[in-house]
Each structure stands twice: as structure tokens, then as C-alpha cells.
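Same order as they appear, the protein sequences are chains A and B.
Heads up: the first sequence begins at 2 in our numbering, then just goes up one per residue.
Heads up: the second sequence begins at 3 in our numbering, then just goes up one per residue.
Glycine included, every Cβ here is placed at the ideal spot set by N, Cα and C.
Computed from a prediction, not measured in an experiment: that's the story for all the values here.
Input: a single structure, listed below in C-alpha cells.
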Amino acid sequence: MSAIEKLPGSSVPDNGLLRFLTCGSVDDGKSTLIGRLLFDSKTILADTLHAIERTSAKRGLDMVDLSLLTDGLQAEREQGITIDVAYRYFTTGTRKYIIADAPGHEQYTRNMVTAASTADLAIILIDARKGVLTQTRRHSYLAHLLGIPHIVVAVNKMDLVDYAQEPFAAIAAEYLAFASRLGIADVRFLPMSALRGDMIVERGEHLHWYDGPTLLDILETAPAIHGAHAEKFRFPVQYVCRPQDSANPELHDYRGFMGRVESGELSIGDAVTVLPSGRETSVRDIQVLGESLARAIAEQSVTILLEDEIDVSRGDMIVKSGELPTIGKQIDAMLCWLSESPLDPRRKYLLRHTTRDSKAMLAGISFRVDVNTMEQQPAERLAMNDIARVRFKLAQPIFADPYAESRGTGAFIVIDESSNNTVGAGMIV
Amino acid sequence: MSTAALSNIATAGLSHLDWLESEAIHIMREVAGQCSNPVLLFSGGKDSICMLRIAEKAFRPGRFPFPLLHVDTGHNYREVVDFRDRRAAELGERLIVRSVEDSMARGTVVLNSPDEPRNKHQSVTLLEAIEEFGFDACIGGARRDEEKARAKERIFSFRDEFGQWDPKNQRPELWDLYNARSFKGENMRVFPISNWTEIDVWQYIERERLALPSIYFAHRRPLVRRGGGLLPVTEVTPARSGETIENLMVRFRTVGDITCTAPVESDADTVARIIAETAVTTITERGATRLDDQTSDASMEQRKKEGYF
Numbered sequence: 002m003s004a005i006e007k008l009p010g011s012s013v014p015d016n017g018l019l020r021f022l023t024c025g026s027v028d029d030g031k032s033t034l035i036g037r038l039l040f041d042s043k044t045i046l047a048d049t050l051h052a053i054e055r056t057s058a059k060r061g062l063d064m065v066d067l068s069l070l071t072d073g074l075q076a077e078r079e080q081g082i083t084i085d086v087a088y089r090y091f092t093t094g095t096r097k098y099i100i101a102d103a104p105g106h107e108q109y110t111r112n113m114v115t116a117a118s119t120a121d122l123a124i125i126l127i128d129a130r131k132g133v134l135t136q137t138r139r140h141s142y143l144a145h146l147l148g149i150p151h152i153v154v155a156v157n158k159m160d161l162v163d164y165a166q167e168p169f170a171a172i173a174a175e176y177l178a179f180a181s182r183l184g185i186a187d188v189r190f191l192p193m194s195a196l197r198g199d200m201i202v203e204r205g206e207h208l209h210w211y212d213g214p215t216l217l218d219i220l221e222t223a224p225a226i227h228g229a230h231a232e233k234f235r236f237p238v239q240y241v242c243r244p245q246d247s248a249n250p251e252l253h254d255y256r257g258f259m260g261r262v263e264s265g266e267l268s269i270g271d272a273v274t275v276l277p278s279g280r281e282t283s284v285r286d287i288q289v290l291g292e293s294l295a296r297a298i299a300e301q302s303v304t305i306l307l308e309d310e311i312d313v314s315r316g317d318m319i320v321k322s323g324e325l326p327t328i329g330k331q332i333d334a335m336l337c338w339l340s341e342s343p344l345d346p347r348r349k350y351l352l353r354h355t356t357r358d359s360k361a362m363l364a365g366i367s368f369r370v371d372v373n374t375m376e377q378q379p380a381e382r383l384a385m386n387d388i389a390r391v392r393f394k395l396a397q398p399i400f401a402d403p404y405a406e407s408r409g410t411g412a413f414i415v416i417d418e419s420s421n422n423t424v425g426a427g428m429i430v
Numbered sequence: 003m004s005t006a007a008l009s010n011i012a013t014a015g016l017s018h019l020d021w022l023e024s025e026a027i028h029i030m031r032e033v034a035g036q037c038s039n040p041v042l043l044f045s046g047g048k049d050s051i052c053m054l055r056i057a058e059k060a061f062r063p064g065r066f067p068f069p070l071l072h073v074d075t076g077h078n079y080r081e082v083v084d085f086r087d088r089r090a091a092e093l094g095e096r097l098i099v100r101s102v103e104d105s106m107a108r109g110t111v112v113l114n115s116p117d118e119p120r121n122k123h124q125s126v127t128l129l130e131a132i133e134e135f136g137f138d139a140c141i142g143g144a145r146r147d148e149e150k151a152r153a154k155e156r157i158f159s160f161r162d163e164f165g166q167w168d169p170k171n172q173r174p175e176l177w178d179l180y181n182a183r184s185f186k187g188e189n190m191r192v193f194p195i196s197n198w199t200e201i202d203v204w205q206y207i208e209r210e211r212l213a214l215p216s217i218y219f220a221h222r223r224p225l226v227r228r229g230g231g232l233l234p235v236t237e238v239t240p241a242r243s244g245e246t247i248e249n250l251m252v253r254f255r256t257v258g259d260i261t262c263t264a265p266v267e268s269d270a271d272t273v274a275r276i277i278a279e280t281a282v283t284t285i286t287e288r289g290a291t292r293l294d295d296q297t298s299d300a301s302m303e304q305r306k307k308e309g310y311f
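Written out as C-alpha cells, the structure is:
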């Protein structure tokens, strides 16, 4: 069966999968919002509901606290806060959703960056009584920095401002002024009450003056991250399949280059260039488990066979001829430092970009960004949660695109070889 | 929302199952590319059956770059063990079986009582197998939707030399850039279907027409009602005096150690009927059928810290 074929006999449209991020603090009702989405989409099952009913009663609450659904770890339940990114799932029958639930506090910038790295859409929660806060700006900046194309500003707790239009309009105006300075293009505003369930899945009965879509309508119709505009084809090679030892003599010369299409699409017959060698050839076949595909699209894992015998190994990249990325041993990037040990300018780190590793050394810090004010400040070193514009020198060339054009070939992580830990996350500018 | 509005959405991208499958293939290939001696855990259960299909799509026409490993409690359903052996043979891949009973004979597993469930003791046997073969990565079919503690676990989850998971000290995991590096003695647990839910698994089984052990489908079996659940009456789990044995139509939603895996009443005898039933079910997969998770709200987290998969 072809990998892009739909379920046989299925009449329900499959709009694929949307990953989104919720930003806000406990006080903004973020956990309640997620609980509400899961509850109203009937994802919560009876035994889970009974468990949170029991806990709510034990804590002396008079209604079920939906936020308990997202309090995962024992340590967090004891402290009553969320300390790490948690992933939740629900489906509407036409689309599957992955929610990345990230803590909102400043000291958890690295967690929000992690959650944002895979999100297609961000919901930024604002308390209708409090308006645009420092943390709203921080969350918006980070969502934009991490290249999330769609931002939904959810003005929550409308029930506490009598569902009045004025505070909502004032918040929207203030936010728009700030968003345009950041360069955020796609932003939508939504009044809601997560606690009462207004404008999440159901419209509710209180927000007559709002005629836009509910939150779920926005999620259901948000375009997928790929396919909206023409992309360059990028295929980092993960693994080379050479089954010479097979009993099947037809496989003796088989060389399949295995990987996932990071962006763009490829068809049989297309002219391609293999990097770093620069050798040109064309695509003989695109396969998944013995089946031939006419074309491969973004995010699809396939095996590519080439017309000519070219030496290709893990870490190489196949691109369409005439659409080459930047090949170089120096990169400028926005870097988020993730480790408790500060970035040491004298040390060598390992930089992992696509399937390629290179030794790397810091060549300079242009400035550090204050994530609350977006001000640029001079910096000598970087500590955990710092975000800065930096330059790295590399021992091996990488094949890179600006992050704003291609997340898959614009992102990298920094690894500390003394601990093997992931200590930095970078976006090439 | 009206169907007219929905039809306006571009559907040029992958369907949700294709996306999940592609992500899982990518993860398996990263293990193959980054680790020197990985192993894939295969129990004969439905999640690990999906994992084998994903491995086929990731590596054929080549052989899998890892053997298969089953940690057998000695209390598994015959149908599942037979299926396990048959499937490994069909694929022509190497299957390693290590037994909790061998660990008991060695004295490294000591049961509190003879009828104590052996599930949690699999951790010991798994760690012994990791040491015996020097595996640096174990690929498993756990999913984040199964249990609260798993919702926060990384896809590449680092374990120290005691196999312990430290939920407060996890490696940041960004984009699809996975870090599988470890020092000798440490290892990675890798979960390619982290982002799948129970219904995704069943839909994948249907789409790929995957064969399953017969006990996943409705069948008649002797059971007793105990503690709000249904318990199969078997050699290792006899009825207690005073209990009434009933012959009921049931199916298993998960299969594991006999002493802690319970079926649900059902007449779903095809994958399509199971999907229909799962879509309207009101009890979570583990809540209904995994007696070992009900001990406390945090029992899975506790077990994982101790090295459980």
C-alpha cells in the first residue's frame, strides 16, 4: 500500500496532524484550557475523570478541577506546578492533535523553547483582567523566534469581566502593536472562558458580540506547516541500506539512501546533487518497503535510489540540483543555552545539524536578548535560559538554510561531550 | 463545523497515520545511525507488532540492524508466545529470549510471595540482558498516552548504569535532533511510537493488515469477578474458594503477564469492530486491564525510576 493512500473505505476526511503549544502560567488557566479541550472532545475517560473528581474533593474544591489532568509527575503534584514539557493527545475524527504543554515561568525558557521547536501553532493565554504582561511578550517572542507560523491570542477568564467586549478589544489592540514590531504576521484573537467552556469547543451563551471561530474551529482549519509555499527539497541521509549479503542476487548492487524529507518534494527522474561531494545524478526510484512511490513529500520517510553509483553516507545530504543550501564552516545563529553549566568560549562542543556532527567553537557573541523587553545587551558568557546571537566556527562544513526558511535544515543542537548532554539549541540566521 | 468548511483545507500533507509512521521510521533510523549495539523489545503484543512493521519500512530490503529481545516472565499466554516465535521466524530476524525465571534461579529476582506478579521484576532481567549483550539502546513500544508519567518522558530517554530514569534530569529534546550518546554501561530507551494513542495503534493494524495473537479478539474464556475487574482463570491464577467461574466473551486490550493482565467483555472479533468499540470506550487502556498500575496514582513513575521500561 502506498504510504500516502488514505484509509480504505474511509469517508471521513483526514486533515493530518497538528502540533500546538500552550503558553501561559498556572494563573492564566492553561491547564484548565487543556483539560477543557480533552474533556469536551471526549478524550477523558471515565476512570481518569473519577480519579480527578476524587482528588478535587480531597482538596476541598466544589467543582472538578480539569487542570489536574495535566499535572503529570509526582514531584509536580506535590509542588502544584508544571516543571517539564508534557505532551497530550486528542482527536476530532478529522484531525489528530499533539499538545505540548510547557511551563510559563521565566526560568523555564528552555522548556518553552523545547516545546515550541515542534509546534505548528501557539496559543498564548492572557488573563482578561490583567491584559498584556511581560510574560505575554516573552512567550510571543519565543514562539516567533522558534518559527511557529500561527499565533492564537486567547483572552481567557472573560467570565470574570462580565463577558464585556471592551477589555478584549483593548488587549487585542495593545497586542497587535507589539506583534507588528516583532514581525509576527499571522495572529488571531479569541475571547473565551476555559473554566466555563465558552468558545473552546462550544460557543457558549455569553459572547454574542464575537462572531469569529471557536478555538477548535481555528485548530481544525489551521494550514499544515509544509505545503503553504514552495520549499526547497532537503534530504539528510540517515542510513545507507546495502544488503549485499542477501540471498537475492538482485540486491547485490542495491544501495538505498534512507532518510526523511525535511522540506520540499522529490519525484522520480529529478536531477539531484549529493553534498558534500557535489556529484550530480538523478533519482532512479523512491521506495518504502519494496513499493515504488512516484514522489516523496515533506516529512515522509523514504528510501532514495540514484541512477549513478555515488559514495553517499550518513551525514550527507541529497538536494535538487540548482537549489543548493549554504555550505560553510562558519554559522551565525540565535542560540538558547539549556545547561546549568554556562557556555565556555574556550571549549570545543559538538554541533549536531540534521544527521551531521561537527566540532564547534564559539567565535563570538554579538548580543544577548532580554526575553522580557527584547532589548539587546552585550554579553561575555551565556547561562541557562539565555538567548543570544552568536557565531560558531566548525571543523566540518554543514549544509544549512536560514531557520526562517527551513526549520529542518536551519536548526542545530549543541552537545557537551564531557557529559553527553544537550546544552544548546540554535537557529541559523 | 460544516463539512463545506472542512473541504476547503488543503490536504496535501501526510495523513495522521502516515505522519506518525514516518516519525517512527525516522526515530528507528536515528537509533541505527547513532547507536552501535541496539536491540528492539518484542513481546508479541500489539504495540510491538506495529514496531516490527515500522522496522520493516525503515530497513527493508536490508536486515534489521538490531536483534529482537523478549523478557519473558514465564507467565505469558501461550498464544502470544507462539505468535512471538512465529513472527520473528517469518521476518528472518534474530530473537533473543531472556527469562525472569532464570533471574529467580540466579537469585537476582526474589519474589515476596510465589503468586506475586512478575511484571515489575522484568526490569532486573532486562538489565541483565543489557549487560550480557552490551546493548547501548533498547527500542520499545511505550506510548505517552498510556500513563501520566510517560507524558513527560523523552523519545530518547537516558538511563544510568542502574537503568534508572530521572524525570527531573532529562535531556532537552528539540526538533527531530535526537541525542543518543551515552557512556559505557549507560543506555538509551527509545520510544518511536511515543506520540501514538491506542486508537492510532488499532487504525495502523487495520491499515497494514497486521496479524495479531488470537486473544486480542473476542473469545470465550473462564473468568472470575474480583476487585471490580475480570480475572482469567488459568493454571497460575486459579479461582479462590467462594468465587463463581463464569464463561464470558472477552478480549484483551493489552497482553502481558497473566497475573496482572485482565480482559474486557466484548464481542469484537475483527479489528474494525475493535476500533469502533475503542472509539466509544469509557475506560482507559491501563485502567481497565493493568492491575499493576492501580496500586497508586504514581505507580508507573515509581517503576520507571527503578528501571522499568
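Answer with yes or no whether the minimum CB distance from B:T199 to chain A is below 8 Å. Counting from one through the second sequence, the residue named residue 199 of chain B turns up at place 197. Cβ-Cβ to chain A under 8 Å: yes for B:T199.
Going along the chain, which residues of the stretch 57-91 of chain B sit with their C-beta nearer than 9 Å to a C-beta in chain A? E58, K59, A60, F61, R62, P63, G64, R65 and P67
Should the stretch 202-220 of chain B be called in touch with the stretch 161-168 of chain B, which here means at least 3 C-beta pairs below 8 Å? no
Segment limits, alpha helix (DSSP H) that includes A:T410: Taking the first sequence and counting its residues from 1, the one referred to as residue 410 of chain A is at position 409. R408 to G411 is the span of the alpha helix (DSSP H), which, as asked, contains A:T410.
Which residues in the same chain as A:R189 place their Cβ atom closer than 6 Å to its Cβ, once the five residues preceding and following it in sequence are excluded? The residue given as residue 189 of chain A occupies position 188 in the first sequence. V153.
At what residues does the alpha helix (DSSP H) containing B:Q124 begin and finish? Here the question's residue 124 of chain B lines up with position 122 in the second sequence. Q124 to F135 is the span of the alpha helix (DSSP H), which, as asked, contains B:Q124.
Using a C-beta to C-beta distance shorter than 8 Å, which residues of chain A count as neighbours of B:K186? In the second sequence, the residue the question calls residue 186 of chain B occupies position 184. In chain order: nothing, as chain A lies at least about 11 Å away.
Secondary structure of A:Q239, DSSP reduced to three states: By 1-based counting over the first sequence, the position of residue 239 of chain A is 238. Residue state, collapsed to three classes: coil.
Using a Cβ-Cβ cut-off of 7 Å (strictly less than) and excluding sequence neighbours within five positions of B:S24, which residues of its own chain qualify? Start at 1 with the first residue of the second sequence, and residue 24 of chain B comes out as number 22. So the qualifying residues of the chain are L16.
Since A:T93 and A:E232 should fall inside the 8 Å C-beta cutoff, what is the C-beta to C-beta distance between them, to a whole number of angstroms? For the purposes of this step, residue 93 of chain A is taken as the residue at position 92 of the first sequence. For the purposes of this step, residue 232 of chain A is taken as the residue at position 231 of the first sequence. About 27 Å; that fails the 8 Å criterion.
Extent of the continuous alpha helix (DSSP H) to which A:D218 belongs: Here residue 218 of chain A refers to the residue found at position 217 when the first sequence is read from its first residue. L216 to T222 is the span of the alpha helix (DSSP H), which, as asked, contains A:D218.
Can you check whether the C-beta of B:W204 is within less than 8 Å of a C-beta belonging to chain A? For the purposes of this step, residue 204 of chain B is identified with residue 202 of the second sequence, where counting begins at 1. Closer than 8 Å: no.
Quick check on DSSP: helix, strand or coil for B:W198? In the second sequence, residue 198 of chain B corresponds to position 196, counting from 1. Three-state DSSP puts B:W198 in coil, outside helix and strand.
Given that A:S194 touches chain B, what residues does it touch there, using C-beta distances under 9 Å? Counting from one through the first sequence, the residue named residue 194 of chain A turns up at place 193. Correct list: empty, because the minimum Cβ distance to chain B is about 20 Å.
Can you tell me where the beta strand (DSSP E) with A:T92 in it begins and where it stops? Residue 92 of chain A sits at position 91 when you count from the first residue of the first sequence. A87 to T92 is the span of the beta strand (DSSP E), which, as asked, contains A:T92.
Between A:I172 and A:G132, which are expected to be in contact by the criterion C-beta below 8 Å, what is the C-beta distance as a whole number of angstroms? Within the first sequence, residue 172 of chain A is the residue found at index 171, counting from 1. Within the first sequence, residue 132 of chain A is the residue found at index 131, counting from 1. That pair is a contact at about 5 Å.
Same chain, Cβ closer than 6 Å to A:L431, five either side skipped, listed in chain order: Because chain A spans 2 through 430 in this model, residue 431 of chain A falls outside it and cannot be assessed.
Please name the residue or residues paired with A:T327 in a DSSP beta bridge. Locating residue 327 of chain A in the first sequence gives position 326, counting from the first residue. Looking at the DSSP assignment, A:T327 forms a beta bridge with A:A401.
Rounded to the nearest angstrom, what separates A:Q331 and B:Q36 at their Cα positions? By one-based count along the first sequence, residue 331 of chain A stands at place 330. By one-based count along the second sequence, residue 36 of chain B stands at place 34. Their backbone Cα atoms lie some 24 Å apart in a straight line.
Chain B within 8 Å of A:P277, Cβ atoms only: Working through the first sequence from its first residue, we reach residue 277 of chain A at position 276. Output row for A:P277: interface = no.
Give me the subset of the stretch 224-239 of chain A whose CB atoms are less than 7 Å from a CB atom of chain B, sorted by chain position. P224, A225, H227, G228 and Q239
Alpha carbon to alpha carbon, how far is A:R139 from A:Q377? One-based indexing of the first sequence puts residue 139 of chain A at position 138. One-based indexing of the first sequence puts residue 377 of chain A at position 376. Cα to Cα, the separation comes out at about 14 Å.
With a 10 Å radius around its C-beta and 16 neighbouring C-beta atoms as the bar for buried, classify B:G142 as buried or exposed. Taking the second sequence and counting its residues from 1, the one referred to as residue 142 of chain B is at position 140. B:G142 is buried by the Cβ-count criterion.
List the residues that DSSP assigns as beta-bridge partners of A:P192. Reading the first sequence from its first residue, position 191 is the one you call residue 192 of chain A. BP columns for A:P192 point to A:V156.
On a CA-only basis, which of A:L39, A:A101 and A:Y142 is nearest A:L91? Give me that one, please. For this step, residue 91 of chain A is matched to residue 90 along the first sequence. The amino acid occupying residue 91 of chain A in the given sequence is Phe; Leu does not appear at that position. Cα-wise, what sits closest to A:F91 is A:L39.
One question on the structure: do B:R183 and A:I399 come within less than 8 Å of each other, judged by their Cβ atoms? Position 181 of the second sequence, counted from the start, is the residue given in the question as residue 183 of chain B. Position 398 of the first sequence, counted from the start, is the residue given in the question as residue 399 of chain A. Not in contact: B:R183 and A:I399 (Cβ atoms no closer than 8 Å).
Got a sec: is the Cβ-Cβ distance from B:G173 to anything in chain A below 8 Å? On the second sequence, residue 173 of chain B is found 171 positions in, with the first residue counted as 1. According to the sequence shown, residue 173 of chain B is Arg rather than Gly. Yes, its Cβ sits closer than 8 Å to a Cβ of chain A.
Start and end residues, alpha helix (DSSP H) containing A:L39: Within the first sequence, residue 39 of chain A is the residue found at index 38, counting from 1. Where A:L39 is concerned, the enclosing alpha helix (DSSP H) stretches over K31 to D41.
Expressed to the nearest angstrom, what Euclidean distance is found between the alpha-carbon atoms of B:H28 and A:R60? Locating residue 28 of chain B in the second sequence gives position 26, where the first residue counts as 1. Locating residue 60 of chain A in the first sequence gives position 59, where the first residue counts as 1. Whole-angstrom Cα-Cα distance: 44 Å.
Based on Cα-Cα distance, which residue from A:S264, A:D371 and A:Q288 lies nearest to A:G257? As a working mapping, residue 257 of chain A is identified with position 256 in the first sequence. Residue A:Q288 is the option with its Cα nearest to A:G257.
Pairwise C-alpha distance: A:I305 and A:E281: For the purposes of this step, residue 281 of chain A is taken as the residue at position 280 of the first sequence. For the purposes of this step, residue 305 of chain A is taken as the residue at position 304 of the first sequence. Whole-angstrom Cα-Cα distance: 14 Å.
Would you kindly work out how many angstroms separate the C-alpha atoms of B:L8 and A:K158, rounded to a whole number? By 1-based counting over the second sequence, the position of residue 8 of chain B is 6. By 1-based counting over the first sequence, the position of residue 158 of chain A is 157. Residue confidence is low: B:L8 scores 35 on pLDDT, short of 50, so the model does not pin down where it sits. Its coordinate-derived value is still stated next. Between B:L8 and A:K158, the C-alpha separation is close to 29 Å.
Do B:E95 and B:R65 have their beta-carbon atoms positioned less than 8 Å apart in this structure? In the second sequence, counting from the first residue as 1, residue 65 of chain B sits at position 63. In the second sequence, counting from the first residue as 1, residue 95 of chain B sits at position 93. Cβ atoms of B:R65 and B:E95: closer than 8 Å.
Mind pulling the chain E residues with CB within less than 7 Å of A:T356? Chain labels in this structure do not include chain E; the protein chains are A and B.
Residue-chain proximity (A:L339, chain B), Cβ-Cβ < 8 Å: Position 338 of the first sequence holds residue 339 of chain A. Yes, contact with chain B.
State yes or no: is the beta carbon of B:N189 nearer than 8 Å to at least one beta carbon in chain A? Here residue 189 of chain B refers to the residue found at position 187 when the second sequence is read from its first residue. So no, B:N189 is outside the interface.
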